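Here's the structure we're looking at; comments come further down.
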Amino acid sequence: MEGKIFVITSGKGGVGKTTATSSIGAALAMAGKRVAVVDMDIGLRNLDVVMGLENRIVFNIVDVVQGKCKLSQAAIKDRRINNLFLIPASQSDNKDILKPEDMVSLGKRLKKEFDIVFMDCPAGIERGFENAVAAADEALVICTPEVSSVRDADRIIGLLYARSITPQLIVNRINPAMTAKGDMLSHEDVTDVLSIDLLGLVEADDNVIVASNLGKPLVMIDDSKAGQAFKRIAMRLDGHVDLPIQVPQNGSSLWRKIGNKLGFK
Amino acid sequence: MLDGIIKKLFGNKKNSSATAKNRLKFALIYDKLEISDEILKNLQHDIVEVISRYFEIDKDALQLNINKSRDLSALTFNTPILSAKEKKRTS
Ligand SMILES: Nc1ncnc2c1ncn2[C@@H]1O[C@H](COP(=O)(O)OP(=O)(O)OP(=O)(O)O)[C@@H](O)[C@H]1O
Ligand SMILES: [Mg+2]
Numbered sequence: 002m003e004g005k006i007f008v009i010t011s012g013k014g015g016v017g018k019t020t021a022t023s024s025i026g027a028a029l030a031m032a033g034k035r036v037a038v039v040d041m042d043i044g045l046r047n048l049d050v051v052m053g054l055e056n057r058i059v060f061n062i063v064d065v066v067q068g069k070c071k072l073s074q075a076a077i078k079d080r081r082i083n084n085l086f087l088i089p090a091s092q093s094d095n096k097d098i099l100k101p102e103d104m105v106s107l108g109k110r111l112k113k114e115f116d117i118v119f120m121d122c123p124a125g126i127e128r129g130f131e132n133a134v135a136a137a138d139e140a141l142v143i144c145t146p147e148v149s150s151v152r153d154a155d156r157i158i159g160l161l162y163a164r165s166i167t168p169q170l171i172v173n174r175i176n177p178a179m180t181a182k183g184d185m186l187s188h189e190d191v192t193d194v195l196s197i198d199l200l201g202l203v204e205a206d207d208n209v210i211v212a213s214n215l216g217k218p219l220v221m222i223d224d225s226k227a228g229q230a231f232k233r234i235a236m237r238l239d240g241h242v243d244l245p246i247q248v249p250q251n252g253s254s255l256w257r258k259i260g261n262k263l264g265f266k
Numbered sequence: 012m013l014d015g016i017i018k019k020l021f022g023n024k025k026n027s028s029a030t031a032k033n034r035l036k037f038a039l040i041y042d043k044l045e046i047s048d049e050i051l052k053n054l055q056h057d058i059v060e061v062i063s064r065y066f067e068i069d070k071d072a073l074q075l076n077i078n079k080s081r082d083l084s085a086l087t088f089n090t091p092i093l094s095a096k097e098k099k100r101t102s
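Residue numbers (the working numbering), protein chains in the order written: chain A, 2 to 266; chain B, 12 to 102.
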C-alpha cells in the first residue's frame, strides 16, 4: 500500500512545528509504522538537532532532488527507534533551490518507501511553504493560544483549502493555569474562531526543552505531559479516532475540582 | 482558581482571553476583506471592457474603490459617461 504525506505547518514561526514533527514521527515509528520526517526548512535546518541526529548527516534533501545521491543514502536511520528516518535539509542553500514540482516527484518516491511521511514546514507562506505542501495529502496546522498565532493559522488554513486539503488542528503550549484564570484563549475559543477539526492539545512543558537539549525524542521521556499528548495525537492519526482529546489540566487541586463542580472555569 | 471565584463573586473586570477572542474575530473578518492590487487591476480591466460595449467612457477618469468599515466593505465604481453606443449587438 502507498504511504501518506502530512505537512506540518503554521504560518507563524516558533510555535512548535519541528517539535510536533519529531514527536509524532517518533511515536508512530514506535507504534510500528515506517516513518520518514523531512526537514523542509532549507537553510535553517533544526529537525536534525531536535532529534539528536546532527552528527550523522552526509547527504540532504537537495542532494536527493539533484540526483547526487540515492534517497536511501540521505535517509538517516534513528538508532533508538526502529523504522524512524530523517531526511535533513541542506544548510547552505535557500528555499528557491527546490521547486514544488521537485517535491511532487520526490513525494512519489517517498510514498513507495514509507508508510507515513511528515514534512516539517518552515515559517511563512512563500516558497518554503509551497515546497513543503506540494506533495502533501493531508495537513496538520499548529498554533499556540495567542492572537497572532491563531490569525496566522487562519491564513494558512485558507491556503490549504485552496489546495483542496482539509487540515486538522493542534493547539500547542497551552498554559492550563492561565486558561483557568481566563487569561489565555481556550481550545474552544480557538476552534470556534478557526472552525476546523481538532486533533490534539499539547501543554507548555519544560521537558520539551530538556528533550531538545539532550537530542532525545520527547515521547521517550515518560513523565512528559507534552510527550504523552503527542503520543495520543499519533494514535489518533493512526486510526484510533475514538481516543478522546485530553484537555490539559491545572494540577489536580481540590479547589479546581470544587470550582468545576460549581461551574467556575 | 481562587482568583476565578473571587472574580465571579465580586464581578471583577473582564478576562483578557475574552478580549483576545473578540479582537481575533474582527481581525479575521477584516483580513478577508483585503483585496490585492493585482485582483483590483484585473477587476477594473474587466469592468471597463464590459461597460465599453455599451458606453463611450473616459477610461482615465474612472475610479474603482473599496470602502471598508468595521463590518462591511463596499465596492464603488465611478465613471463619467461620454455617450451611449449605438445598439448593434444582436448575439
Ligand atoms: N509544548 C511546548 N512546551 C514548551 N516549549 C515548547 C513547546 N513546544 C515548543 N516549544 C519550544 O518552542 C520553541 C520553538 O519550537 P519549534 O522549533 O518546534 O517551533 P517551529 O514552529 O518549528 O519553529 P520555526 O518556525 O522556527 O521552524 C523551541 O524552543 C521549543 O523547545
Ligand atoms: Mg521548525
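The beta carbon of each residue, even a glycine, is placed where N, CA and C say it ideally should be.
Quick caveat: nothing in here was measured; it's all calculated off a predicted structure.
Could you give the distance in angstroms between the alpha-carbon of residue i and the alpha-carbon of residue j?
i	j	result
Asp48(B)	Leu75(B)	11 Å
Ile92(B)	Phe130(A)	46 Å
Ile62(B)	Lys52(B)	15 Å
Gln74(A)	Cys122(A)	22 Å
Leu73(B)	Ala37(A)	56 Å
Asp198(A)	Ala90(A)	30 Å
Met1(A)	Glu55(A)	With chain A running from 2 to 266 in the structure shown, residue 1(A) is simply not present.
Ile82(A)	Gln67(A)	29 Å
Leu215(A)	Ala85(B)	56 Å
Asn26(B)	Met2(A)	51 Å
Val151(A)	Gly183(A)	17 Å
Phe37(B)	Arg128(A)	29 Å
Gly201(A)	His241(A)	13 Å
Ile126(A)	Ala163(A)	13 Å
Ala181(A)	Val65(A)	48 Å
Arg64(B)	Gly159(A)	36 Å
Lys79(B)	Leu44(B)	8 Å
Ile98(A)	Gly44(A)	10 Å
Leu170(A)	Lys96(B)	56 Å
Ile40(B)	Val59(B)	29 Å
Ile58(A)	Ile77(B)	53 Å
Given that a residue counts as buried once 16 or more other Cβ atoms are within 10 Å of its Cβ, and exposed if not, what is residue i?
i	result
Lys226(A)	buried
Lys266(A)	The predicted position of Lys266(A) is uncertain, since its pLDDT is 44 and thus under 50; no value can be drawn from it.
Asn89(B)	exposed
Pro101(A)	exposed
Asp57(B)	exposed
Asn47(A)	buried
Asn61(A)	buried
Thr10(A)	buried
Leu161(A)	buried
Val220(A)	buried
Ile157(A)	buried
Pro168(A)	buried
Arg80(A)	exposed
Thr30(B)	exposed
Ile210(A)	exposed
At 8 Å on the CB atoms, spell out the chain B contacts of residue i, in chain order.
i	result
Ser187(A)	Ser28
Val148(A)	Ala31, Arg34, Leu35 and Ala38
Lys13(A)	What Lys13(A) touches in chain B: nothing, since even the nearest Cβ is about 13 Å away.
Lys109(A)	Per Cβ cutoff of 8 Å: no residues; Lys109(A) is ~33 Å from chain B at best.
Going along chain A, which residues have a C-beta under 7 Å from residue i?
i	result
Leu39(B)	Arg152, Asp155 and Val194
In chain B, what lies closer than 9 Å to residue i by C-beta?
i	result
Asp198(A)	Within chain B, no residue comes near Asp198(A); the closest Cβ sits about 18 Å away, beyond 9 Å.
Lys112(A)	Result: empty, since nearest Cβ-Cβ is about 34 Å, beyond 9 Å.
Ile201(A)	A small correction: the amino acid at residue 201(A) is Gly; Ile does not occupy that position in the sequence shown. Those within 9 Å of Gly201(A) in chain B number zero; the least Cβ separation is about 20 Å.
Lys71(A)	What Lys71(A) touches in chain B: nothing, since even the nearest Cβ is about 42 Å away.
Given a cut-off of 7 Å on the beta-carbon distance, is the pair residue i and residue j in contact?
i	j	result
Arg34(B)	Val148(A)	yes
Ala21(A)	Ile143(A)	yes
Asn173(A)	Thr145(A)	yes
Gly12(A)	Asp138(A)	no
Ala140(A)	Val105(A)	no
Pro249(A)	Glu189(A)	no
Gly108(A)	Ile6(A)	yes
Val51(A)	Ser23(A)	yes
Ala32(A)	Asp224(A)	no
Ala30(A)	Leu111(A)	no
Ile88(A)	Val39(A)	yes
Ala178(A)	Asn251(A)	yes
Val8(A)	Val134(A)	yes
Ser94(B)	Glu67(B)	yes
Ala212(A)	Ala28(A)	no
Gly4(A)	Ala124(A)	no
At a CB-CB cut-off below 7 Å, which residues of chain B make contact with residue i?
i	result
Gly125(A)	Near Gly125(A) there are no residues of chain B at all, since even the closest Cβ is about 16 Å away, more than 7 Å.
Asp79(A)	The premise fails here: Asp79(A) is roughly 39 Å from chain B at the closest Cβ pair, so nothing lies under 7 Å.
Taking 6 Å as the cut-off, is the CB of residue i close to at least one heavy atom of ligand 3?
i	result
Ser106(A)	Although ligand 3 was asked about, the structure shown includes only ligand 1 and ligand 2 as ligands.
task = Please list the segments of the beta strand (DSSP E) lying wholly inside the region 159-185 of chain A, counting only runs of 3 or more residues, in order along the chain.
result = 169-175
key: Residue ranges of each beta strand (DSSP E) within the region 30-65 of chain A, 3 or longer   = 36-40
task = Taking only runs that begin and end inside the region 32-62 of chain B, name each unbroken beta strand (DSSP E) of 3 or more residues, in chain order.
result = none
ask   = Along the chain, which unbroken stretches of the beta strand (DSSP E) at least 3 residues long are found entirely within the region 69-94 of chain A?
value = 85-88
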